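Participant:
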Amino acid sequence: MERNPPVNPLNSGSPCGDPVYPESYYEKLAALFGEEKARWARLPYAERMKELEWYHANFNTPDDLSIWPAELDGGVDRP
Amino acid sequence: MSSPLQFYRTFRTLMQEHGIRHVLTSGMACVEYGIQQTTKDTDWIVHPGNLSKLIDMLQELEGGLTGRNWRIAYRPLFGAPLVEPYLASGWTSHLLIQDDATSSEHHLDFFGKPPRLTVERALADPEARIADRLIVAQMKKTDRDKDWPAVESLSQQAFHFGDPEAVLHLRDPALLADAWKAIPPGNRPDYLIRRPLLSELDDPRHGLSRCLAIERALWEQANKLRYRSYQHEWKEFLRRWRKEDDFAWPADGPFTSQHALVQEAAARHQLPIDPLGGEPGRRDIVAHAKAEVGQVFAADATLLDAISPPWNEILP
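Line by line, the protein sequences are chains A and B. The first sequence lines up with residues 4 to 82 when you count with our numbering. The second sequence lines up with residues 88 to 403 when you count with our numbering.
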């Protein structure tokens, strides 16, 4: 088992340390979430956050419509 | 105008400065762990004993002269009043904050005792500001399909960090087998109690894939039954409150008066503190979930017992 993945040398400000996982992790991430989200996950923390700021500024995301929290009731897919 | 990410960091710093024991969890925690979610909302676990400090902080931030002049309000479906008895029993409180006139509303949900976890486990690390990966994974064992890939990815991250508890959450058969091999034999009995399907890795009898599917269905069904209790009680409470002649909700006015209003309404219309009914109710929910999942999967009691985590793992 690989322990304590190395930290991304370009990390800037991640409270989680911005570890870099083995390639197999990102392959599995792509299988679970799609290639685009796996690409995003590979970016250094600061770049990930920059992209996310752009998404937030330009799109209404589903949770905007969620009245109850996910753990209590669910989002727009559960009337 | 602050972005959702800027706002959440500001709010986290403020809670830290006010000595409020807390961690960020759910979707925004996934964002921090590099698992992208599109959420703009934030979910916080706050120690129930610190909720009065949180209320004081919110009242301070709302102040126009002495504070930041934020608009702070309960959302229309507010869950329960932001006070210890309710949140310590599994309710959540739902607030919105505007931190300047041009800002969009920031939605915040507060947990005292998060689903599927004890407060002690959720806030075990006094230095943590973000819930650890396996806490978030445990909270994500809901009945929504979109949460399960996050459970898996968070568990895989924990596995790569060498956290033995990842074996309680992993669902990828190959990684699960690797994680199980890494557990010293002397420690395995404890893990087998908490996740019985691990025995399939030593002695395959029922098929690991089938066991994993049944196990997930148990978590999902237990979650449905759990939140239905809260949802039912909240709706009944609102129906009773609505019958008042001067019913007015959502209410305008400062957070201080809203907080008093929802507390008085909850007391007057008997919003129950613990809709699950303590340990007997929790055991009952898990038993019902097992029965329903058994029907769907044509699984007999022996098989279900060989897969189902104990009631106090599912609804502690």
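Glycine included, C-beta positions come from ideal geometry on N, C-alpha and C. This structure is a prediction, so every number in the text was calculated from the model and none was measured.
State yes or no: is the beta carbon of P8/A nearer than 8 Å to at least one beta carbon in chain B?
Facilitator: True, the Cβ-Cβ gap to chain B drops below 8 Å.
Participant: Using only alpha-carbon positions, find the residue among V380/B, K127/B, P341/B, F334/B that is nearest to W157/B.
Facilitator: The option with the nearest alpha carbon to W157/B is P341/B.
Participant: Per DSSP, which one or two residues make a beta bridge with V10/A?
Facilitator: The partner list for V10/A (beta bridge, DSSP) reads P22/A.
Participant: Please classify Q382/B as buried or exposed, where buried requires at least 16 neighbouring CB atoms within 10 angstroms.
Facilitator: With fewer than 16 Cβ atoms within 10 Å of its Cβ, Q382/B is classed as exposed.
Participant: Three or more beta-carbon pairs under 8 Å between the region 322-339 of chain B and the region 303-310 of chain B, yes or no?
Facilitator: Verdict: no, contact absent.
Participant: How would you label N310/B, buried or exposed, when you count the other beta carbons within 10 angstroms and need 16 or more for buried?
Facilitator: Looking at its Cβ environment, which holds 16 or more other Cβ atoms inside 10 Å, N310/B is buried.
Participant: Starting from the beta carbon of P18/A, find every residue of chain B whose beta carbon is closer than 7 Å, and list them in chain order.
Facilitator: Correct list: E119, R216, I217.
Participant: So what's W398/B in DSSP terms, helix, strand or just coil?
Facilitator: Three-state result, W398/B: helix.
Participant: Under 9 Å between beta-carbons, which chain B residues line up against E56/A? List them in chain order, please.
Facilitator: Simply S90, P91, L92, Q93.
Participant: What would DSSP say about I222/B, mapped onto helix, strand or coil?
Facilitator: In this structure, I222/B counts as helix in the three-state DSSP scheme.
Participant: Taking all protein chains shown into account, decide if M144/B is buried (16 or more other Cβ within 10 angstroms of its Cβ) or exposed.
Facilitator: Classification for M144/B: buried.
Participant: Give me the residue from G151/B, I159/B, S139/B, R162/B with the minimum Cα distance to L174/B.
Facilitator: Taking only the C-alpha atoms, the option nearest L174/B is S139/B.
Participant: Residues bridged to Y161/B by DSSP?
Facilitator: DSSP, once it has assigned bridges, lists L182/B as partnering Y161/B.
Participant: What in chain A is Cβ-close to H134/B, meaning under 7 Å?
Facilitator: Within 7 Å Cβ-Cβ: nothing; H134/B doesn't reach chain A, min ~18 Å.
Participant: State buried or exposed for D289/B, treating a residue as buried only when at least 16 other CB atoms are found within 10 Å of its CB.
Facilitator: D289/B should be labelled exposed.
Participant: Using a Cβ-Cβ cutoff of less than 8 Å, which residues in the same chain neighbour D371/B once the five nearest sequence positions on both sides are dropped?
Facilitator: These residues qualify, in order along the chain: G364.
Participant: In angstroms with no decimal places, state the Cα-to-Cα distance between G154/B and Q146/B.
Facilitator: One C-alpha to the other measures close to 8 Å.
Participant: For E171/B, which residues in the same chain have their Cβ closer than 6 Å to its Cβ, ignoring the five residues on either side in sequence?
Facilitator: Within the same chain, E171/B has close Cβ partners P135, L138.
Participant: Strictly below 8 Å CB to CB, what residues from chain B border A44/A?
Facilitator: Here the neighbours are G121, I122, Q123.
Participant: Assuming S176/B and F197/B are in contact, meaning their beta carbons sit under 8 Å apart, how far apart are those beta carbons, in whole angstroms?
Facilitator: Incorrect: roughly 13 Å between the Cβ atoms, too far for contact.
Participant: List in chain order: all unbroken alpha helix (DSSP H) runs of 4+ residues lying wholly within the region 106-141 of chain B.
Facilitator: With a minimum length of 4 residues, the continuous alpha helix (DSSP H) runs that stay inside the region 106-141 of chain B are 113-119.
Participant: Return the residue from the list E366/B, F94/B, L390/B that minimises the CA-CA distance to I401/B.
Facilitator: It is E366/B whose Cα lies nearest to the Cα of I401/B.
Participant: Using the C-alpha atoms, what's the distance from P25/A back to L148/B?
Facilitator: The alpha-carbon atoms of L148/B and P25/A are separated by roughly 44 Å.
Participant: Out of P272/B, H105/B, Q124/B, A352/B, which one is the CA nearest neighbour of S113/B?
Facilitator: Checked all of P272/B, H105/B, Q124/B, A352/B; the closest Cα to S113/B is Q124/B.
Participant: Less than 8 Å separating the beta-carbons of I132/B and H109/B?
Facilitator: Yes, they are a contact pair.
Participant: Against A60/A, what residues of chain B qualify as contacts under a CB-to-CB distance less than 9 Å, listed in chain order?
Facilitator: Those are S90, listed as they occur along chain B.
Participant: Drop a sphere of 10 angstroms on the beta-carbon of E287/B, count the other beta-carbons inside from all chains shown, and report buried for 16 or more, exposed for fewer.
Facilitator: So E287/B counts as buried.
Participant: Alpha carbon to alpha carbon, how far is S344/B from E252/B?
Facilitator: Distance between the alpha carbons of S344/B and E252/B: 44 Å.
Participant: So, is E119/B buried or exposed, given that buried needs 16 or more other C-beta atoms within 10 angstroms?
Facilitator: So E119/B counts as buried.
Participant: Pick helix, strand or coil for I217/B, following the three-state DSSP scheme.
Facilitator: Three-state DSSP puts I217/B in a strand.
Participant: Pairing CB atoms from the region 349-360 of chain B with CB atoms from the region 277-284 of chain B, are three or more of them under 8 Å?
Facilitator: Output reads no: the region 277-284 of chain B does not touch the region 349-360 of chain B.
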